[in-house]
Structure formats: structure tokens, C-alpha cells
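K.L.:
Got a structure for you, questions after.
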Amino acid sequence: DVKVTQSSRYLVKRTGEKVFLECVQDMDHENMFWYRQDPGLGLRLIYFSYDVKMKEKGDIPEGYSVSREKKERFSLILESASTNQTSMYLCASSPTGGEFTGELFFGEGSRLTVL
Amino acid sequence: KNEVEQSPQNLTAQEGEFITINCSYSVGISALHWLQQHPGGGIVSLFMLSSGKKKHGRLIATINIQEKHSSLHITASHPRDSAVYICAVRSMYFGNEKLTFGTGTRLTIIP
Numbered sequence: 148d149v150k151v152t153q154s155s156r157y158l159v160k161r162t163g164e165k166v167f168l169e170c171v172q173d174m175d176h177e178n179m180f181w182y183r184q185d186p187g188l189g190l191r192l193i194y195f196s197y198d199v200k201m202k203e204k205g206d207i208p209e210g211y212s213v214s215r216e217k218k219e220r221f222s223l224i225l226e227s228a229s230t231n232q233t234s235m236y237l238c239a240s241s242p243t244g245g246e247f248t249g250e251l252f253f254g255e256g257s258r259l260t261v262l
Numbered sequence: 233k234n235e236v237e238q239s240p241q242n243l244t245a246q247e248g249e250f251i252t253i254n255c256s257y258s259v260g261i262s263a264l265h266w267l268q269q270h271p272g273g274g275i276v277s278l279f280m281l282s283s284g285k286k287k288h289g290r291l292i293a294t295i296n297i298q299e300k301h302s303s304l305h306i307t308a309s310h311p312r313d314s315a316v317y318i319c320a321v322r323s324m325y326f327g328n329e330k331l332t333f334g335t336g337t338r339l340t341i342i343p
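Pasting the structure below:
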């Protein structure tokens with residue numbers, strides 16, 4: 148089974164702190180995604196990456212950056228956390244080609260609270 | 233108007249009932265996903281379909297491309313089916329593939 152692992156399930160940070168959310172997948176997927184989920188808004192795409200060292204902005208990239216130094220790892224960085232970044236963050240991966248092309252595999256989510 | 237609309241937003245039913253959750257979308261799509269999110273946050277992909285019908289156990293997903301509508305059915309519902317069900321559509325946006333999510337349907341099955 149594909150496994151997407153997010154490093155922290157729950158985090159509490161203070162305004163202005165730098166926050167790292169890590170995501171690792173074990174199925175050699177090319178594509179990785181970071182979403183945030185807020186009540187009534189559905190999942191919104193922050194950033195995605197279709198290859199090592201490649202990154203593309205999603206719908207709401209402001210206040211975030213990402214890093215993909217290795218194929219299996221996609222990190223989301225909040226340079227200076229703010230209270231409006233309190234949310235559930237979900238990482239996903241997806242293969243290009245093969246039996247599961249286009250299928251999405253999600254991590255368990257990281258619930259971030261910024262005080 | 234959102235590109236992806238789900239109905240109902242909340243659904244409570246008795247164990248054993250037949251459940252239908254609907255998804256309507258307004259754009260041309262290449263595929264539609266049905267996802268399940270349990271309390272605690274993790275999301276599982278149930279189906280990805282671009283035409284017709286797919287079945288997995290007690291779950292059935294159908295799509296009508298002409299009407300821009302999909303349904304997720306659960307037969308013989310069980311309390312463990314209680315979750316949020318999310319519809320997402322895959323479409324092209326300025327040459328790039330884009331995934332747009334509905335806001336979900338919260339299903340509660342009472343024993």
C-alpha cells in the first residue's frame with residue numbers, strides 16, 4: 148500500500164514563528180501536493196511539485212513556500228506564521244503513468260494552530 | 233456559484249439504509265474523484281471515474297458527463313460509513329490540470 152506520512156499530526160505555534168510541515172511518500176510518485184482545508188471552503192491547493200526541485204504555485208500560495216530536494220519528500224514552510232494560517236494541512240501524492248495514474252494518496256493531515 | 237456543488241451538506245440515516253450523495257459541477261472535466269475523510273483528518277480515495285459506473289463492495293459511483301452530475305451510493309449502510317464524503321473534479325485550466333474540491337457531505341449512520 149502507498150503510504151504518505153506527515154511528520155506532525157498536531158502543532159501549536161506562535162505568531163511569527165517559522166513552521167515546517169514535512170511529507171514523505173514511499174511509492175516513487177512524481178507529483179506531490181500541499182492543500183489546506185477550512186470549514187465550508189473545501190480543500191484548496193497551496194503548492195504542488197511534479198518533479199524534484201520543481202514547484203508550482205497553487206490557488207493560495209501567499210505566506211507559504213515549499214521545498215522538494217528529494218523525490219519522496221515535499222516540505223511546506225510558513226516563514227512567519229500568522230493566525231489566519233490556523234488550518235488543517237493535507238499532503239497528497241499522485242503517480243504519472245501506470246495503473247494508478249491520476250489517483251490521489253493523502254496523508255493523515257497536520258492540524259496547525261497559530262496563537 | 234462554486235464549480236463543484238455537493239448535496240446534501242449533512243445526512244443522517246439509520247443503519248441499513250441506502251444512501252445517495254450527489255455532486256454537480258459546472259466545467260468540462262477529464263475525471264471525477266470521490267474521497268472519504270474520517271474524523272481525525274485522513275483522506276482515502278474511493279473512486280476515480282470519467283464515465284459510467286464503478287463499484288467497490290457496498291459503494292457505487294456513477295457519472296453522467298452530459299448532465300455534469302455524479303452520485304455516490306452506499307448500500308446497506310453501517311455506522312463505520314460515517315465520514316465526510318468529498319467530490320473533486322479534474323479539469324484543464326490554462327493548459328494545466330486542476331483539481332477542484334466540493335465542500336463535502338457529512339454522513340452519520342445511526343445504529
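Protein chains in written order, with my numbering: chain A, 148 to 262; chain B, 233 to 343.
We treat Cβ as the ideally placed atom computed from N, Cα and C, and that holds for glycine.
With a threshold of 6 angstroms on Cβ separation, who are the neighbours of E213 (chain A) within its own chain once the five nearest residues in sequence on each side are excluded?
P.N.:
In the first sequence, residue 213 (chain A) corresponds to position 66, counting from 1. Glu is not the amino acid found at residue 213 (chain A); the sequence shown has Val there. Only Y194, K202, L223 meet the Cβ criterion.
K.L.:
Using a Cβ-Cβ cut-off of less than 8 angstroms, give me the residues of the stretch 264–275 of chain B that come near chain A, in sequence order.
P.N.:
If the cut-off is 8 angstroms between Cβ atoms, the stretch 264–275 of chain B has H265, L267, G272, G273, G274, I275 near chain A.
K.L.:
Using the Cβ count rule (16 or more neighbours within 10 Å means buried), how would you classify F221 (chain A)?
P.N.:
Reading the first sequence from its first residue, position 74 is the one you call residue 221 (chain A). Buried, by the Cβ-count rule.
K.L.:
Return the residues of the stretch 318–343 of chain B that lie within a Cβ-Cβ distance of less than 9 angstroms from chain A, sorted by chain order.
P.N.:
Residues I318, A320, R322, N328, E329, K330, L331, T332, F333, G334, T335, G336.
K.L.:
Where do the ends of the beta strand (DSSP E) carrying K300 (chain B) lie?
P.N.:
Your numbering for residue 300 (chain B) matches position 68 in the second sequence. Premise fails: K300 (chain B) is in no beta strand (DSSP E) and is neither H nor E.
K.L.:
For M179 (chain A), which option in A:D185, A:P186, A:V171 has the closest C-alpha, if you only look at C-alpha atoms?
P.N.:
Residue mapping note: residue 179 (chain A) aligns to position 32 of the first sequence, counting from 1. It is A:V171 whose Cα lies nearest to the Cα of M179 (chain A).
K.L.:
Expressed to the nearest angstrom, what Euclidean distance is found between the alpha-carbon atoms of L208 (chain B) and L190 (chain A)?
P.N.:
This structure does not reach residue 208 (chain B), given that chain B is present from 233 up to 343, and the question cannot be answered.
K.L.:
When the Cα atoms are used, what is the spatial distance from G163 (chain A) to L192 (chain A)?
P.N.:
Here the question's residue 163 (chain A) lines up with position 16 in the first sequence. Here the question's residue 192 (chain A) lines up with position 45 in the first sequence. Distance between the alpha carbons of G163 (chain A) and L192 (chain A): 23 angstroms.
K.L.:
Establish whether the CB of V259 (chain B) and some CB of chain A are separated by less than 9 angstroms.
P.N.:
Counting from 1 along the second sequence, the entry for residue 259 (chain B) is found at position 27. Not an interface residue.
K.L.:
If I measure Cβ to Cβ from K300 (chain B) and keep anything under 7 angstroms in the same chain, skipping five residues before and after, which residues do I get?
P.N.:
Residue 300 (chain B) sits at position 68 when you count from the first residue of the second sequence. Here the set comprises S256, Y257, S258.
K.L.:
Please report how far the alpha carbon of C238 (chain A) lies from the alpha carbon of K200 (chain A), in whole angstroms.
P.N.:
Here residue 238 (chain A) refers to the residue found at position 91 when the first sequence is read from its first residue. Here residue 200 (chain A) refers to the residue found at position 53 when the first sequence is read from its first residue. Straight-line Cα distance between these residues: approximately 17 angstroms.
K.L.:
Taking the DSSP output, what are the residues bridged to M324 (chain B)?
P.N.:
The residue labelled residue 324 (chain B) in the question sits at position 92 within the second sequence. For M324 (chain B), which the question treats as bridged, DSSP gives the partners B:E329.
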